[in-house]
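K.L.:
Chains as they are written, first to last, in the working numbering: chain S, 21 to 238; chain Z, 21 to 238. The beta carbon of each residue, even a glycine, is placed where N, CA and C say it ideally should be.
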């Protein structure tokens, strides 16, 4: 990594402090919270769309969607059954930060929810540096992105608590060496829990849903 | 867009100034130069791999690859026939800038090349803000990323001179409304030249190759 100039260091320190405050707030309210990160188009919104109908009778769920522009994603989350769906437009910024999440949390009665899904801006670099204060960071990789992504975006792969490998239904149509991909993941984040699945076909969704359910009802 | 704080404004101004210097240098040496931008995994390196063998007997080509980490991409460009292939490791940075490009140009005898392909870091946000000084900016969209990307990453789609739509061989296996996608593109960047193609099957490559050839031999 580059040597950080002090102004960047200070911004990150201030962010970490606010992230800790967000975490305390979520923890006190009993809301299990997820920071979903991925490249553009890897399937963050699709995952939320597929997750909500499977859990909405068991958990009270809120979604917060971060985007450069539009409210397309929060509209989709609302349509899929989120009790509340809040859009953060970052105004050009390439990642969410703890201040933005705090602003969104202010709009929710947190004790009315069991699970909060936060969808970050599509980007494999910058979101890794800005903690939000959620309980778990989850990265969505995608088969058509290619098998070299852990090697090329190590910061993102290193820092997450769970890894989803989406679009496994496309495996027959692209070149993707699963062993090469998984060796890369293992070298950066040994033992990280992994969910291969397809938001399109539903294959593999059960394990992910069970993991969310177990964590949300602890 | 957010209001810029002065320090950011100054950084961008300084970058634009250096980009102009790079541009003058490339122009004087008679090198036609491309800044290739895309999400992670949309196919920047694959496009370079497919482009080089088709042009290497007609043009003298150099490649410069920007990455957070590894030299996987420049290795692939060299193997595909680039006369010179230079890796820029950005040390965590999420985009190339004009200073980084200048450092790479210093390593090349520019008058020995007709075409320079610069592969930016995989990111649909930050690279749009930092000009490099190349002649044309080219964005690679990818079918499995989904049809909503112009709406969600307008800054990137607005600023490019050409648009490649890669992985058209995957159209039968995913949901992608081409008309919705193209309406988004048209609203941001009316009349932008577009090349639908597949780096995997080679379909559509000819139009892209001809465009490069025409521009490089002007």
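List, in chain order, every chain S residue whose beta-carbon is nearer than 8 Å to that of residue 87 of chain Z.
P.N.:
Numbered from its first residue, the second chain carries residue 87 of chain Z at position 67. Per Cβ cutoff of 8 Å: 172.
K.L.:
Exposed or buried, what is residue 131 of chain Z when buried is set at 16 or more other beta-carbons lying within 10 Å of its beta-carbon?
P.N.:
In the second chain, residue 131 of chain Z corresponds to position 111, counting from 1. Flag for residue 131 of chain Z reads exposed.
K.L.:
Tell me whether residue 174 of chain Z sits in a helix, a strand or coil according to DSSP, three-state version.
P.N.:
Residue 174 of chain Z sits at position 154 when you count from the first residue of the second chain. Residue 174 of chain Z falls in the helix class under three-state DSSP.
K.L.:
Residue range of the beta strand (DSSP E) that residue 106 of chain Z falls in?
P.N.:
Residue numbering aside, residue 106 of chain Z sits at position 86 when the second chain is read from its first letter. 104-109 is the span of the beta strand (DSSP E), which, as asked, contains residue 106 of chain Z.
K.L.:
Going along chain Z in order, which residues have a C-beta closer than 8 Å to the C-beta of residue 190 of chain S?
P.N.:
Stepping through the first chain from its first residue, residue 190 of chain S is reached at position 170. Simply 164, 190, 193 and 194.
K.L.:
Just the chain Z side, please: which residues come within less than 8 Å of residue 114 of chain S by C-beta, in chain order?
P.N.:
Residue numbering aside, residue 114 of chain S sits at position 94 when the first chain is read from its first letter. The contacting residues are 114, 143, 145 and 146.
K.L.:
Decide yes or no for the touch test of the segment 92-105 of chain Z against the segment 51-58 of chain Z: beta carbon pairs closer than 8 Å, at least 3 of them.
P.N.:
Flag = no, the segment 92-105 of chain Z and the segment 51-58 of chain Z do not touch.
K.L.:
Using the beta-carbon count (16 or more within 10 Å), is residue 21 of chain Z buried or exposed?
P.N.:
What you label residue 21 of chain Z is simply residue 1 of the second chain in a count that begins at 1. Residue confidence is low: residue 21 of chain Z scores 37 on pLDDT, short of 50, so the model does not pin down where it sits. No coordinate-derived value is stated.
K.L.:
Return the CA-CA distance between residue 91 of chain S and residue 72 of chain S, expressed in angstroms with no decimal places.
P.N.:
In the first chain, the residue the question calls residue 91 of chain S occupies position 71. In the first chain, the residue the question calls residue 72 of chain S occupies position 52. The straight-line gap from Cα to Cα measures roughly 18 Å.
K.L.:
Which residues in chain Z have a C-beta closer than 9 Å to the C-beta of residue 76 of chain S? List them in chain order.
P.N.:
The sequence position of residue 76 of chain S within the first chain is 56, counting from 1. By Cβ distance, chain Z contributes nothing, its closest Cβ being about 23 Å from residue 76 of chain S, past 9 Å.
K.L.:
By the criterion of Cβ-Cβ separation under 8 Å, what are the contact partners of residue 216 of chain Z in chain S?
P.N.:
On the second chain, position 196 is the one that residue 216 of chain Z refers to. By Cβ distance, chain S contributes nothing, its closest Cβ being about 16 Å from residue 216 of chain Z, past 8 Å.
K.L.:
If contact is defined by three or more beta carbon pairs under 8 Å, each pair taking one atom from either stretch, is the segment 167-177 of chain Z in contact with the segment 78-86 of chain Z?
P.N.:
No, the segment 78-86 of chain Z does not touch the segment 167-177 of chain Z.
K.L.:
Tell me whether the segment 222-229 of chain S and the segment 199-208 of chain S touch, counting them as touching only if at least three CB pairs, one residue from each stretch, are closer than 8 Å.
P.N.:
Cβ pair count under 8 Å is below three, so no.
K.L.:
Along chain Z, in chain order, which residues have C-beta atoms closer than 9 Å to that of residue 59 of chain S?
P.N.:
Looking up residue 59 of chain S in the first chain gives position 39. Here the neighbours are 59, 60, 61, 62, 142, 143, 144 and 165.
K.L.:
Terminal residues of the continuous alpha helix (DSSP H) containing residue 68 of chain S?
P.N.:
Along the first chain, read from residue 1 onward, the residue named residue 68 of chain S stands at position 48. Segment 64-75, the alpha helix (DSSP H) holding residue 68 of chain S.
K.L.:
CA-CA distance, residue 148 of chain S and residue 175 of chain S?
P.N.:
Counted from its first residue, the first chain places residue 148 of chain S at position 128. Counted from its first residue, the first chain places residue 175 of chain S at position 155. Distance between the alpha carbons of residue 148 of chain S and residue 175 of chain S is about 7 Å.
K.L.:
Just to make sure I have the definition right: I need the residues of chain S whose C-beta is within less than 7 Å of the C-beta of residue 168 of chain Z. Which are they?
P.N.:
Mapped onto the second chain, residue 168 of chain Z falls at position 148. Here the neighbours are 92.
K.L.:
My guess is that residue 16 of chain Z and residue 60 of chain S are in contact by the Cβ rule of under 8 Å, so how many angstroms apart are they, rounded?
P.N.:
The question about residue 16 of chain Z has no answer here: the residues shown for chain Z are numbered 21 through 238.
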